[in-house]
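Data block below; observations after.
Residue numbers (the working numbering), protein chains in the order written: chain A, 1 to 117; chain B, 1001 to 1113.
And the structure:
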């Protein structure tokens, strides 16, 4: 199995430019997460999907960030326009927990490292 | 909301020495706790998890963690460090529901030959 696939792995852009990240979760995983990891910090949740529905986007800066998960499979995270402070690693994760406590184990992709100049 | 705190952003040990990475939790209910590892330029990988079945949890690569309610701790240990253990380690818990996983700030482990 391929695991969680993310692209691109690295992206360098100038501020005010747009950027998009793509994630393909593990087949059958109904829950998909986007996390942002700043240098030297732990991952912070941006948005969580249950199938195609965004059920937790309280930490997503909605003025410049958007996300979608069409058909409840692949997902795209977009930033427009990018700011210097958006430089970070954007991690996608997926899980299939069946609602059982303790069973929700996240499988992460390798991440997309964004540098905004 | 439940949360975890990791003490020490950097830990250095000699190869073959004991590894001890600290994590304390805050929770008003029995917590579910996890340790994840992140190797350079990779995503996070689950090491082990505590789900109240047993207080001593064994994980992959020889790591284990002990849940101590009296100390609100879930420290990660390994008897003998290997060079390949050099990575960043994150403690995590559920926060605001079983679908929301919250991570600590991480501890970077350096293994000195």
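Here a beta-carbon is modelled for each residue, glycine too, at the ideal position from N, C-alpha and C. Given the structure is predicted, the values throughout are model-derived calculations rather than measurements.
Using the C-alpha atoms, what's the distance from residue 1104 of chain B back to residue 34 of chain A?
-> Taking the straight line from one Cα to the other gives about 17 Å.
Which of helix, strand or coil DSSP assigns to residue 79 of chain A | Shown here, residue 79 of chain A sits in a strand according to DSSP, grouped into three states.
Simplified DSSP state of residue 15 of chain A, which is helix, strand or coil = Coil, per DSSP.
Length at least 3, wholly inside the region 1046-1090 of chain B: the beta strand (DSSP E) runs in chain order | With a minimum length of 3 residues, the continuous beta strand (DSSP E) runs that stay inside the region 1046-1090 of chain B are 1056-1058, 1064-1068 and 1073-1078.
Span of the beta strand (DSSP E) around residue 74 of chain A = In the DSSP annotation of this structure, residue 74 of chain A is not part of any beta strand (DSSP E), being labelled neither H nor E.
Does DSSP classify residue 46 of chain A as helix, strand or coil?
-> Three-state result, residue 46 of chain A: strand.
From B/1044, B/1112 and B/1065, pick the residue whose C-alpha is nearest to that of residue 90 of chain A; which is it?
-> Out of B/1044, B/1112 and B/1065, B/1044 has the C-alpha closest to the C-alpha of residue 90 of chain A.
Does the region 76-86 of chain A come within contact of the region 12-21 of chain A, defined as at least 3 CB pairs closer than 8 Å?
-> A contact exists between the region 76-86 of chain A and the region 12-21 of chain A.
Hey, out of B/1016, B/1003, B/1058 and B/1047, whose CA is closest to residue 1110 of chain B's CA?
-> Closest in C-alpha terms to residue 1110 of chain B, from the list B/1016, B/1003, B/1058 and B/1047, comes B/1016.
Whose C-beta lies closer than 7 Å to the C-beta of residue 110 of chain A among residues of the same chain, with five residues either side of it excluded?
-> Closer than 7 Å at the Cβ level, and outside the excluded window around residue 110 of chain A, lie 6 and 9.
Please check if any C-beta of chain A sits within less than 9 Å of the C-beta of residue 1025 of chain B.
-> With its beta carbon at least 9 Å from every one in chain A, residue 1025 of chain B lies outside the interface.
From residue 1048 of chain B to residue 1036 of chain B, what distance separates their C-alpha atoms?
-> Spanning the alpha carbons of residue 1048 of chain B and residue 1036 of chain B requires a straight line of approximately 7 Å.
Can you give the Cα-Cα distance for residue 1022 of chain B and residue 1002 of chain B, rounded to whole angstroms?
-> Their backbone Cα atoms lie some 17 Å apart in a straight line.
Taking the continuous beta strand (DSSP E) assigned at residue 1112 of chain B, which residues delimit it?
-> Residue 1112 of chain B: member of the beta strand (DSSP E) spanning 1107-1112, first to last residue.
Do we get a CB-CB distance below 9 Å when we pair residue 88 of chain A with the residues of chain B?
-> False, the Cβ-Cβ gap to chain B never drops below 9 Å.
Residues of chain A with a CB under 8 Å from the CB of residue 1106 of chain B: which are they?
-> By Cβ distance, chain A contributes 40, 41 and 42.
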